[in-house]
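Okay, structure first, notes after.
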């Protein structure tokens, strides 16, 4: 799959970082004077190049970059296990290295949190530690600020943002008119990541479907309108929305198809996934599945990065992306199906709930740990013929029926688990 523009054109060298000359000079000085200060905080809004600046510092000085994301190391134990060895050990090829702690806003300042441990490790590290944060002035960062040098990155100026966008358009060998680029620039508010995501949307699906947030006024790019998202109308059924998605021509309103549906985006994705094969065949089916996959990629990025602006792109590929898979639209009756995956998940949860309840009862009555009780679970169907055992375990009729019906399945499952080990 094609790399997102944000990754394809990530700045890897200082010359690629536009509009941050003062910050670049300061970060070079930090490295030269290390260990005068053992840690550096790169502070600034999203999309200003904080991570890229750390990458550029490592590359231009032939240093290994040991990169960690704070959201994966929220507690003290995990941070100590992973970061402590990195602060003391040389890299694989005996090169120096820079340790990058990205998105430190995700670190907890509590006693069990990773922030306190990070401060301890800073005082002992043999290698420079760079921390990136969107707002380093939160009170939980008081001690970290005292231990570190702080460099603040500015929002990218409109003139610099426009320069970045034009350069990317040229490298991609695409045509995007100046009015569109100006509009993307204005909308980005100094966030290069957001600007490149908007540009990718325009390149993939055309200027006439450029999205704006709900509070934007109606604007026009040349003769191509950008329509405001109006107030929600009355709630519609998911079946009506699917009919619009699959059978109406793709236009500016396509992105609003699910606005009035009382369901979250995860559930809607399952509905679309289930019914795409009903409506599309051949190349159209493949294109629709690719659009759905891209929506799922942005969903994953939202969960990992907690960057909710990506919701715009998830919705875009789920609606306009899927709808535009074919230009041949027709009006026919289709019986849309409920997502079978939801039903399978529900049934599996019900099955697990019964199993868990039985194991808990067995654990309590036999004074075994739940882990040990779970290992002996496969024996229960063979001993429930004894009335004294049934009475002692306090099993209900439906739990007894479940064990009797699932006797063979439970035994096979147990043997398979032994085989896997």
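Residue numbers (the working numbering): 1 to 421.
For each residue, glycine too, the CB sits at the ideal point set by N, CA and C.
query: Whole-number beta carbon distance between residue 39 and residue 129, since they are thought to touch under 8 Å; result: 4 Å
query: Nearest candidate by alpha-carbon position, reference residue 86, set 121, 45, 404 and 341; result: 121
query: At least 3 beta-carbon pairs within less than 8 Å: the stretch 55 to 63 vs the stretch 2 to 16; result: yes
query: Residues near residue 289 by beta carbon distance below 8 Å, same chain, minus five either side; result: 276
query: Cβ neighbours of residue 241 in the same chain (closer than 6 Å, five flanking residues each side left out); result: 257, 258 and 261
query: Opposing strand residues paired with residue 291 [DSSP bridges]; result: Beta-bridge pairing links residue 291 to no other residue.
query: Residue 324 - DSSP class collapsed to helix/strand/coil; result: coil
query: Whole-angstrom distance between residue 160 and residue 225, CA atom to CA atom; result: With a pLDDT of 37 at residue 225, under the threshold of 50, the predicted position of this residue should be treated as unreliable, and no value is reported.
query: DSSP state of residue 148 mapped onto helix, strand, coil; result: strand
query: Whether residue 271 touches residue 381 by CB criterion (9 Å); result: no
query: C-alpha distance - residue 274 paired with residue 341, whole-angstrom precision; result: 8 Å
query: At least three beta-carbon pairs within less than 8 Å, the stretch 352 to 360 to the stretch 305 to 321; result: no
query: Test item: CB-CB of residue 373 and residue 325 under 9 Å; result: no
query: Short Cβ contact (9 Å threshold) for residue 98 with residue 64; result: yes
query: Beta-bridge pairing of residue 141 - partner residues as DSSP gives them; result: The partner list for residue 141 (beta bridge, DSSP) is empty, contrary to what the question assumes.
query: Pair within 9 Å by beta-carbon distance, residue 149 and residue 41; result: yes
query: Same chain, Cβ closer than 7 Å to residue 124, neighbours up to 5 away in sequence not counted; result: 87
query: Whether residue 19 touches residue 134 by CB criterion (9 Å); result: no
query: Cβ-based neighbour list, residue 299, same chain, cut-off 6 Å, excluding 5 preceding and 5 following; result: 314
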